[in-house]
Every structure is written in structure tokens, then in C-alpha cells.
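To start, the structure itself, in C-alpha cells.
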Amino acid sequence: MVMGISALLHLSLLLLLVLLLPIVALTANINFETPILASEDSSPWRSPSGEFAFGFRKLDGNPDHFLLAIWFENVPNKTIVWSANGNDPARRGSEVKLTNNGALVLKDPQGKELWKTPEDNNSKSSSAAMRDDGNFVLLDGNSKSIWESFKEPTDTILPGQILDMPSDLTSRRTPDNYSDGRFQLRLQRDGNLVLYPISESTESLYGAYWASGTVNTKSQLVFDKAGYIYMKEAEGTKRIFDLTNVDMSPMQNFYHLARIDYDGVFRQYSYSKEEKCNLSWKTVRKYPEDICLAITGDVGSGACGYNSYCRQRNGEKKCLCPENYSYVDSRDEERGCKPNFPLPTCQENGWEANPKLVEFKRLNNTDWPFSDYDLQTGNAVTEQMCEQLCREDCFCAAAIYNDNHYCWKKKYPLSNGRKSTSVNRIALLKVPKDGAFRLFEEKKDQSTLILIVSLLLGSSVFLNIFLILAIFLAVYFSYHKWLLQSFSSVSGGNIRRVQEDTTLYSVIEKHLKHGPCNHQLRPFCEEQLDCLKFFIRKYPKGPKSPFRELDLKSPIRQQLSNVVLLEYPIIYVFLPSHSYDFEVVKDCQPVTRRPMHSDPVSNVYESHKGIAFREEEIEEDVSTSDTRVLDLMKPVKSSQGPRNSNKDRMSEKVSNNTDSPSFTRTVAGNGSHSSPKADEPGVSEDMFDFDQGLIDAYSNLFAEINPDDFLDFEGIFAKEAGVDVSNMSGGYFGEEELEEGEIA
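Numbering (mature numbering (1 follows the signal peptide of the UniProt record, and there is no 0)), first residue to last: -27 to -1, 1 to 717.
Here you go:
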């Protein structure tokens, strides 16, 4: 009796447990009181076992785009098996929620609807469930399924999933792009399971490249929980076609899926749950075995894009570009290739019209079938003749030759390209030679330049540019004209005629009054004219030509008598801060000049805005028969002796400030031009020769001024010597203060 009661109690508990299972399942259901937001922080809805998850996945390459998807949660790369919005990724902040009508809807942050489930007027969903088989379902109030992801697959099917007629799977664009791709697996209304290439724009079908052959039957595609894929009768259990024809491993140790991949191949995969190394999906079976050779339709681009060719390596398809071609989109090799040269136009100046500018790229075991427009056959047709036939035909893009003496001419674009050892053909691609291509580009660039110039000349743009340029040039030359006038002492005309009674003071004053204060004469402007010393050389040539001191108050015409001028006088100016080591003599004495053979020195004399140097000795002019000249000099006592000796060389420095220009000079050497040796015949100790070491090579304060803009003493001195003074100019100097210089 006790035994019976115990057995009855256990049976009652078992029945109660069975009855409570649906209630336990409901506890895993999802309520939509709070929507899921598209962000990295949002938590997905997981299945009770934790093997699958439903939620938002961030797309690679764009951190602000998200995919509403289902994926394997325990696989390292979290393989996606279903997606809602592959063609329209959701932006950050988008949300998925349940509407009042019982539909699941995805909206972007602006409220635009991206995706939603069909509405059922007879029942409304109140919750959802993510199941352990990877199926996401919407449930009504009685926990009855009213929509499920298994009924709207994308590119993948899972164990336990069944496809009824008609159904289809569409490949993704690339491995990381979940928008619709170029291939479909269709379970047609006639019961046939078929693989098609499709048009991207209209989704129309091209020629099938694989089929199960199960026509005129009402069938289903089944992926059972044991991991086998097959077709069976819809109203029975009879199998009519097996896709998995190998033994499968136990389901508890493996994950399984089947997918039409982006390359057009339908593959069944398995993934070991226990293996710790080499974690990846292994291919169990695939259809077709070689897709490069399977697609043979005369419409469409083939397994790869136009102008490319397909090659299978290690069971994977690879789309390649021939030489002189490149990918249309480097991120999507399936889109085909483009030529890196101008397409043939059969114009007279085109590269294809000149056989000498054409060459061919030879590809063995390669073919582009179904795009030919001409065929030449016969024993006389050789590979060389086939190449020549294409060379002479401006429409020919490539030629295909085989050993049966067949020559096919191909036109653009090339389609259905394939390369395999089973392809017994040779492809001859017609391309321009490198030199021809560069020549074409140069002509193209020149034509483009001519066109642009022509358009500018004939438009108001050119007129506006010309007007702006004219205004700029006018302002530029006006400014430089004012600048020249500011620097020049010849204001009001190119030539200023100096009267006989004009003093040097009035002429020099005009130099120092005009022009900006930052020009080369600035240090002299800060001194009184009466304090400056002015000298002029009697002869323009010869390092020992005597110098004459000029008097500011005396007429300049009188002071320039017996002075040889080439074109304009060069006047040497010394500041009062300069200490001299000579005395100027005003007495008139006959002097016989001859070279002084002093040793050259290497030291240079520092001077503001000039390079102090000792000129090399050159012979004096012998063009005149009278070498005796008169000069006004001050008498020097013979007892003074030479001023500059090796013991008397000195250095002097004057502090640099705004009121007192800086001057640094170092005097060194073995001799001085101002102190000739006493034992030299014909040279008096009372004679003074200007020391060249104290003179700046300050040659051209007005190098940018026309030489005609200098003083012309009533036309007597100017231009009589016919010397080109433009070669006597030097450059401007730095910003440091002048200590000595010259005025032209």
C-alpha cells in the first residue's frame, strides 16, 4: 500500500513538472516595456542556454552603423546568422520596440522606419523569445508564435529550420557588408532547388549555375537537428535529394549552419565546441565545387565582375584583374576591373588605330567566353595570326586562341572570365604600349589646357582677372616710381643741371632730405652737414689716385676742376666719429705719382653697410702724357713721419645706439698708403695719398636708379666717357648702422 502511494506521488510530481515547463519557458520571454537602443552599451537578449543572442551589432568600418541581428554568442567572432536591416544599417541611437498593433519595428533616431515584422489583424504579439535553436519568435497572449526569424531567413539556415516553396536565401555583398549580394538560392514553386546569379539593380535572374533537379514535386528543404540537409516531399517523409552526403558528428559537440556565401557558393559548415585550437568554421559540403567554371551564362558578368577573371585557390574563389587593369572598388573585388588606359574609340588619333602603338598581354589557360563578336577558323589561323587580326581591328579588346586553330575576337566589357588548368585556351589582351599611353595623356593634357585657355579668353572671368592684374601693376609701378624719386637727388626730372655757383651743401642736402628714414643714408641724416667730411678721387682708376677734400660752401663746379669724371662723381663721406690718421693739405704742390709696392694684407676693415678692403695695386693710366698733377693738400710737417707703422696699428670701437651709429674698425698691415717710405725717390713726405684701407667699398647706394638720374653738370661731364656704369653697382647691405659711405 505504501509502495503504491509512493509511486502515485512520483507520477503526480512528474506530471506537475511537465505542466510547469511552458511556464518556465515564459519566464525567458522578453517584454518590450523598454526598447533596445543601438549602441555598444546595449545588452542583447540571449537564449536560455546562452548560445544565441538577439540585438544590435556594430558594423566593421563604420562605428556609427548597427545591424539588428541574431548571432552565435559562444563563437569568438560571434557569427551572424540572421539580420533585419542589412540593406539599411541603423544609426547610433536607433531603437527596436513593439508597436500597439503587435509588430516589432526598428526606427532611426529621427523616427524613420527601417524594418518591421508583418502585422496580423487576428492576433497581436505581446512578448518575444530568443530560443536555443537560434529562432527569434514573437508570441501572442497565449504564447503562440505569430512570427519567427526561421520563416524569413536572410543568407543562413540552422538545424531545425525548414524552407517551404517558394523560399530564397540571398548572399551578402561582401563578408563584412550585409546588404544584398549577387547570388541567390531558390526553392522554386516547381520544387527545384536552384542557384542563380542576380542583377544588383533589379534582382532579375541570370542563367542558373546549379540545380537539384527535383522538379514537378511539392518539396521542402530540411536542415534537421542531426545536422543533415536534404529535400523531401512536403506531405510525406520521403527524401528526394540529399545535400549532406557525409556522416555528421554528434550535434552536442558541434555547431552547424548552412549559408549561401558572398561568392555564390552554398556551403554547409560545422564548428567544434570542444576544440581549443584552430577555432574556425569547417566546410562540410559545398555547391558547386568550382563556381569559376560553373557559371556559363551569356548574360551578366559571371562569377566575378566585368573585365576580371575567376580563379579558385584552396577551395575559395578569387577575382583577379589582368595586367594593365585595376579593381573598380578595392574593397569589393567582386565588382570587376577597369582598364588603366583609354578605351578604344576607333578615332584616327587613338592608340588602337596605330598597330605600332599596340601590344598584347598573354594569359595561359584563361578565357572570357560568350562575349565574342567574330570567329576565325582554319589551319592557317595561328596564335600570331590571331594576334595580328585583333591588332588591326580597332574594335577588338582581346583575342582567344586554342590549339584547334580557333580565334575569337572579344569586345568590351569582357565577361565570365575564368582561369583554370582545365581551360585549354590562350587569352591575348590588347593594351597600349607604355610610350603610347604617355603620349596620349600628354596630348590629352595639352588639349585640356587649350580648352581651358579658350574658355577663359572667351568669358568674363578672363576680363575680371585682366582688370585686377592691371590695377595691381599700376599700383606696383606707382609705388616704385615714388620710391625711386625718394631715393634720388634728381627730383622733378631725369637730369638736374647744376649752375656754376651751386654749392655742394645744397646738392648734398637734397640727398639727405628726401626718401624714407630707413634707407642707407640714415646715419648721415642724424649729423649736421657741416660736421661731415667729403672727399673725391681725382682719377677714377688706380688705387693710389689722390683724393681732394671738398668744401660744402664753395661752388661745386669750381671744386671739380681737374677731376676726371667717367659719368657721375662719387663722393666719399666720413662721419665725425671717425678718427683720421692723416692730415689734409690744401697747398698746391706738383706731385709725381708712381706705385707704392706695399705688401698686400688679408685683414678687412669693418664698416657699416660696406666691406672695407685694400684694393689690389694696379698701374695708373698712361693714356695721358702728363703724369704730373696738381692737388690741394694741407702741409704736413716732415717731422711727423709716417703715421701708420706696425707699432701704431690700432682698433677703435664706438658704442652702438640710436643717436650714435656704431662703427668698428681694425687697422692692420705692413704699410699704409698715407705714409710712403721716406727713401722712395720722387715721393715727398709732405705729400698725402688717401689711405685705401679706410675707404668702404660702399659702391652703390642707388643701384636701382637709372644712371641718367644723376647730376649732369650742364651736359659737360655726363656721358662723355661712354662708360657703362651699370656694371659698377653693388648690392644693398644689412640693417646695421653706417659709419662711412659714398654718395653718388
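We treat Cβ as the ideally placed atom computed from N, Cα and C, and that holds for glycine.
A Cβ-Cβ distance of about 17 Å is found for the pair C283 and R146, leaving them out of contact under the 8 Å criterion.
The beta strand (DSSP E) runs of length 3 or more contained entirely in the stretch 142 to 226 are, from start to end of the chain, 150 to 160, 166 to 170, 192 to 196, 202 to 206 and 212 to 215. Annotation for R240: the continuous beta strand (DSSP E) segment containing it runs F239 to S245. If you draw a straight line from the Cα of R104 to the Cα of N251, it is about 28 Å long. Around the beta carbon of T175, fewer than 16 other beta carbons lie within 10 angstroms, which makes this residue exposed. Taking a C-beta distance under 8 Å as the contact criterion, F25 and I43 qualify as a contact pair. Per the coordinates, the alpha-carbon of Q83 lies some 13 Å from the alpha-carbon of A11. Excluding residues up to 5 positions away in sequence, M138, P139 and V167 lie with their Cβ nearer than 8 Å to the Cβ of Q161 in the same chain. Across the set S395, L362 and S20, the C-alpha of L362 shows the shortest separation from the C-alpha of K383. Scanning the stretch 37 to 106 for uninterrupted beta strand (DSSP E) segments of 3 residues or longer gives 38 to 45, 53 to 56, 68 to 71, 77 to 80, 86 to 89 and 100 to 103, listed from N- to C-terminal end. Apart from sequence neighbours up to five positions away, the residues of its chain that approach I213 with a beta-carbon distance below 7 Å are T187, T190, S192, M204, K205 and E206, ordered along the chain. Residue burial annotation: N437 is exposed, with fewer than 16 other C-beta atoms found within 10 angstroms of its C-beta. Per DSSP, reduced to three states, the secondary structure at A276 is coil, with no helix or strand assignment. F239 and K259 do touch by the CB rule: their CB atoms are close to 7 Å apart, below 8 Å. The beta carbon of H38 lies closer than 6 Å to those of L32 and P62 in the same chain, with the five residues before and after it left out. Minimum Cα-Cα distance from E306 among the listed residues Q349, A199 and R155 corresponds to R155. Secondary structure note for I529: its alpha helix (DSSP H) is the uninterrupted segment I529 to Q532.
Non-local beta-carbon contacts of T127 in its own chain, meaning distances under 6 Å to residues more than five positions away in sequence, involve W55 and S56 in chain order. The Cβ neighbour count for K403, taken over all protein chains shown within 10 Å, is at least 16; the residue is labelled buried. Taking the Cα positions, N338 is about 19 Å away from V354. Annotation for D106: G133 place their beta carbon closer than 6 Å to its own, counting only its chain and skipping 5 residues before and after. For I373, the enclosing beta strand (DSSP E) begins and ends at A371 to N375.
In the structure shown, C250 adopts coil according to DSSP, grouped into three states.
With fewer than 16 other CB atoms across the displayed protein chains lying within 10 angstroms of its CB, Q320 is exposed. With respect to the C-alpha of L111, the residue from P148, I130, T72 and L142 having the closest C-alpha is T72. For P36, the closest C-alpha among the options R304, E13 and E208 is that of E13. Here the C-alpha atom of D113 lies approximately 56 Å from the C-alpha atom of S393. For A400, the enclosing beta strand (DSSP E) starts and ends at I399 to P405. In the three-state reduction of the DSSP assignment, S122 falls in the helix class.
Counting only runs of 3+ residues, the beta strand (DSSP E) found wholly inside the stretch 279 to 325 occupies 282 to 286, 289 to 293, 298 to 300 and 310 to 312, in chain order.
For the 8 Å CB-CB criterion, N280 and P317 do not form a contact. In the structure shown, the three-state DSSP call for D503 is helix. Residue state for V396 is assigned as coil, using DSSP reduced to three classes. Counting the other Cβ atoms within 10 Å of the Cβ of N218 gives fewer than 16, which makes it exposed. As a beta-bridge residue in DSSP terms, I9 pairs with V69.
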